[in-house]
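Chemist: Per our numbering, residue 56 is the first one in the sequence shown, and the count goes up by one each step.
Note that beta-carbon positions come from the ideal geometry of N, C-alpha and C, so glycine has one too.
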Amino acid sequence: MAETKSPADHNEAPPSDDGVKPGADISFSYDRMTVEQFRRRFPRARWSDARKAWFVPGRTASRRIGRWLAEMEAEADAHADAKGRDAFAFDPIDSSYLELGKAGFRIRTPYSKTVVDELREVPFSRWDGDLKIWHVPFRSYEELRRRWQEIEAAARRNEPEERRRRAEERKGTEQDIRSKLRSAERKRHRYPLQSDDLPPIGRPVVTAYGIVVFTEITGELVDPNVVTDFYAGVTEDHVWGYWRVPTLEELVRTWPAKMPPVQDAEWWLPTIEELRPARRTARLREARKRAKAP
Numbered sequence: 056m057a058e059t060k061s062p063a064d065h066n067e068a069p070p071s072d073d074g075v076k077p078g079a080d081i082s083f084s085y086d087r088m089t090v091e092q093f094r095r096r097f098p099r100a101r102w103s104d105a106r107k108a109w110f111v112p113g114r115t116a117s118r119r120i121g122r123w124l125a126e127m128e129a130e131a132d133a134h135a136d137a138k139g140r141d142a143f144a145f146d147p148i149d150s151s152y153l154e155l156g157k158a159g160f161r162i163r164t165p166y167s168k169t170v171v172d173e174l175r176e177v178p179f180s181r182w183d184g185d186l187k188i189w190h191v192p193f194r195s196y197e198e199l200r201r202r203w204q205e206i207e208a209a210a211r212r213n214e215p216e217e218r219r220r221r222a223e224e225r226k227g228t229e230q231d232i233r234s235k236l237r238s239a240e241r242k243r244h245r246y247p248l249q250s251d252d253l254p255p256i257g258r259p260v261v262t263a264y265g266i267v268v269f270t271e272i273t274g275e276l277v278d279p280n281v282v283t284d285f286y287a288g289v290t291e292d293h294v295w296g297y298w299r300v301p302t303l304e305e306l307v308r309t310w311p312a313k314m315p316p317v318q319d320a321e322w323w324l325p326t327i328e329e330l331r332p333a334r335r336t337a338r339l340r341e342a343r344k345r346a347k348a349p
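Okay, structure coming up:
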């Protein structure tokens, strides 16, 4: 906690200055009401200029201070929740994707990476995998309100009817053909690699497809004329590497790289920022598999 100063007791020395009496120190940002609550709870506490902290005497001081801090935090949370509930009542979010619950908001939308990314940035939000909804406490309303326009727009774009409509509009267009070709290429689970810069086999690495595990590098040469639309910069010096999706266990065991990748690298060892979302995705993927298992 931050440093504080009491204008009333700043010259008084704490009982622990003689090094004999047991006790514990505590410091917090100066606020008159907080100091008054603290003094009522700990009337024998004294401020120490030397320590820049309050000294609470007693063998159980540390435990009593811990209980008081927990109570103060719960009180602050309750106040923040009440403030967020009032803000919602004054300026509500009117959306079919949001429901009001006892402790906050429940948000249910079609799957969208944008929605997930936005809600993860909302403080104290959490995903309920059983109910398939996001929970956001009242205290986070202001941040949720700030992000809601982007969340709702992404949710509407991913409604099944909207996705079908866009698919019908794309059908037969050059964009549709290229999309199907890219999808077919990815399903081959192959990736062009520089013959003089090959990744390790059996270890998670990052590529344009995300984190993958290469299982085999056959030495088969890449024909740039065939795949240049899918892999920019591919040359006759590239060979095909075959990959699979890493398991959760492999991702958890992978030690993150400390350095970011070099510019224009075709593959690199994953950083912790890249491993974290990959691990979350792998956990969800394995949870779905377990749910489908007989």
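(1) Based on Cα-Cα distance, which residue from 316, 298, 321 and 153 lies nearest to residue 252?
(2) What are the start and end residues of the alpha helix (DSSP H) that includes residue 123?
(3) State whether the stretch 320-334 contacts the stretch 270-281, with contact taken as three or more CB pairs (one from each stretch) at a distance under 8 Å.
(4) Should the stretch 200-213 be regarded as contacting the stretch 157-165, the criterion being three or more beta carbon pairs within less than 8 Å?
(5) Tell me which residues share the same chain as residue 299 and place their Cβ nearer than 8 Å to its Cβ, disregarding the 5 neighbours each side in the sequence.
(6) For residue 350, list the residues DSSP reports as bridge partners.
(7) Using beta-carbon positions only, say whether residue 159 and residue 112 come within less than 8 Å of one another.
(8) Which same chain residues, not among the five before or five after residue 233, have their C-beta less than 6 Å away from its C-beta?
(9) Report the CB separation of residue 135 from residue 194 in whole angstroms; it is logged as a contact under 8 Å.
(10) Strictly by DSSP, which residues pair up with residue 152?
(11) Could you pull the start and end residues of the beta strand (DSSP E) that residue 249 belongs to?
(12) When the Cα atoms are used, what is the spatial distance from residue 82 to residue 133?
(13) Is the separation between the beta-carbon of residue 302 and that of residue 330 shorter than 8 Å?
(14) If I measure Cβ to Cβ from residue 109 and keep anything under 6 Å in the same chain, skipping five residues before and after, which residues do I get?
(15) What do you get for residue 256, buried or exposed, if any count of 16 or more other CB atoms within 10 angstroms of its CB means buried?
(16) Taking all protein chains shown into account, do 16 or more other C-beta atoms lie within 10 angstroms of the C-beta of residue 69, making it buried, or fewer, making it exposed?
Modeler: Well, looking at it:
(1) 321
(2) 116-145
(3) no
(4) yes
(5) Here the set comprises 244, 267, 268 and 270.
(6) In this structure the chain extends from 56 to 349, so residue 350 is not present and cannot be described.
(7) no
(8) Cβ within range, chain order: n/a, list empty.
(9) 4 Å
(10) None; residue 152 has no bridge partner.
(11) 245-249
(12) 23 Å
(13) no
(14) 81, 100 and 102
(15) exposed
(16) With a pLDDT of 47 at residue 69, under the threshold of 50, the modelled position of this residue cannot be trusted, and the question is left open.
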